[in-house]
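Notes follow once the structure below has been shown.
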Amino acid sequence: MPRPSQVSQRRAQLIRALAQVMAQQGYEAASIREIAQAAGLAPGLVHHYFPDKEALLVALTEDLGAQWLTRLDEAEGLAPEARLRRLISLHLSVDEARPDELGCWLQIIAEAARRPSVGAVWAGVVMSLRSRLVVALTALAEARGRTLDVEAGAAALLALIYGGLTLGATAGGPPGYAATAAWALVEGLLAAAPSADSPSQAAG
């Protein structure tokens with residue numbers, strides 16, 4: 167029986183291999199044999215670590231999600247505006263672009279619509295980002311003295327972020343346009359929000 171450390175190592179090898187093969191030819195076309203070859207393992211060993219290819223995709227989604235949320239934690243502790251700008255730039259800034267990783271995410275999103283096991287993990291990643299956006303928008307609205315529907319604002323910003331990522335990867339566009347549009351959305355929401363000490367708010 168493989169040692170626990172060896173199991174973790176082999177699983178990590180296979181997860182990285184799936185990402186590599188997906189980047190070259192997509193998830194559907196990736197065979198267990200090709201994934202095993204990329205991992206440097208015999209094809210027959212794959213099923214010792216993952217029951218099927220879908221389970222391996224779930225593990226890749228979990229791994230990429232954990233890495234992504236760790237990067238988002240870089241924004242913690244920043245001033246309200248800097249915090250929200252950092253969350254946006256980590257997704258949309260040209261300087262933060264990770265084409266291979268984004269390619270994996272786009273395929274994961276497509277599979278999430280068809281495979282509940284993948285969809286559940288993907289939904290968890292999205293909700294974690296949304297909660298971070300809610301916290302950041304709340305802090306910024308308070309700093310600006312505005313009463314903002316932060317749940318709706320976070321949902322709109324989330325849609326713009328993932329729309330920008332998808333369009334940027336598939337149709338292109340001017341460099342940095344999505345990050346600029348995202349911040350314009352934030353400023354527009356804040357400008358339209360009532361003042362926290364307005365008479366209508368005080369009466370409510």
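Each residue of the sequence shown is one higher than the one before, starting from 167 at the first, in the working numbering.
Positions of the beta carbon are idealized from the N, C-alpha and C atoms, including for glycine.
Fair warning: this is a prediction, and the values are worked out from it, not measured in the lab.
Limits of the unbroken alpha helix (DSSP H) element including Glu277:
Sequence index remark: in the sequence shown, residue 277 carries index 111 (1-based). Looking at the DSSP string, the run of the alpha helix (DSSP H) that includes Glu277 is Pro265 to Ala278.
Going by DSSP, name the residue or residues bridged to Ser361.
Indexing the sequence shown from 1 puts residue 361 at position 195. Answer is Arg312, bridged to Ser361.
Just to confirm the assignment, what range does the alpha helix (DSSP H) spanning Ala248 have?
Within the sequence shown, the letter at position 82 stands for residue 248. Per DSSP, the unbroken alpha helix (DSSP H) holding Ala248 starts and ends at Pro246 to Leu258.
With a cut-off of 8 Å on the beta carbons, I'd call Gln175 and Gly206 a contact; round off their distance for me.
Taking the first residue of the sequence shown as 1, we reach residue 175 at position 9. Taking the first residue of the sequence shown as 1, we reach residue 206 at position 40. Rounded, the Cβ-Cβ distance is 11 Å, inconsistent with contact.
For Tyr343, which three-state DSSP category applies?
Residue numbering aside, residue 343 sits at position 177 when the sequence shown is read from its first letter. Collapsing the DSSP output to three states places Tyr343 in a helix.
Selection from Ala325, Leu223, Ile201 and Ala309 that minimises the alpha carbon distance to Ser361:
Taking the sequence shown and counting its residues from 1, the one referred to as residue 361 is at position 195. Closest by C-alpha distance to Ser361, out of Ala325, Leu223, Ile201 and Ala309, is Ala309.
Where Gln191 and Thr346 are concerned, what is the direct C-alpha to C-alpha distance, given to the nearest angstrom?
As a first step, residue 191 must be located in the sequence shown, where it is residue number 25. As a first step, residue 346 must be located in the sequence shown, where it is residue number 180. Answer to the nearest angstrom: the Cα atoms are 32 Å apart.
Should the stretch 236-250 be called in touch with the stretch 192-202, which here means at least 3 C-beta pairs below 8 Å?
Three or more Cβ pairs closer than 8 Å define a contact, and the stretch 236-250 falls short of that threshold against the stretch 192-202.
Leu410 (DSSP reduced to helix, strand or coil):
No information on residue 410 is available, as it lies outside the stretch 167 to 370 that the chain covers here.
Kindly indicate which three-state DSSP category Gly370 falls into: helix, strand or coil?
Residue mapping note: residue 370 aligns to position 204 of the sequence shown, counting from 1. Annotation note: pLDDT 45 at Gly370 (below 50); position unreliable, coordinate value reported separately. Three-state result, Gly370: coil.
Taking the C-alpha atoms as reference points, what is the distance between Leu356 and Trp349?
Position 190 of the sequence shown, counted from the start, is the residue given in the question as residue 356. Position 183 of the sequence shown, counted from the start, is the residue given in the question as residue 349. When rounded, the distance between both Cα atoms is 11 Å.
Could you say if the stretch 214-225 and the stretch 293-311 meet the contact criterion of at least three C-beta pairs nearer than 8 Å?
The stretch 214-225, when compared against the stretch 293-311, does not touch it at the 8 Å Cβ threshold.
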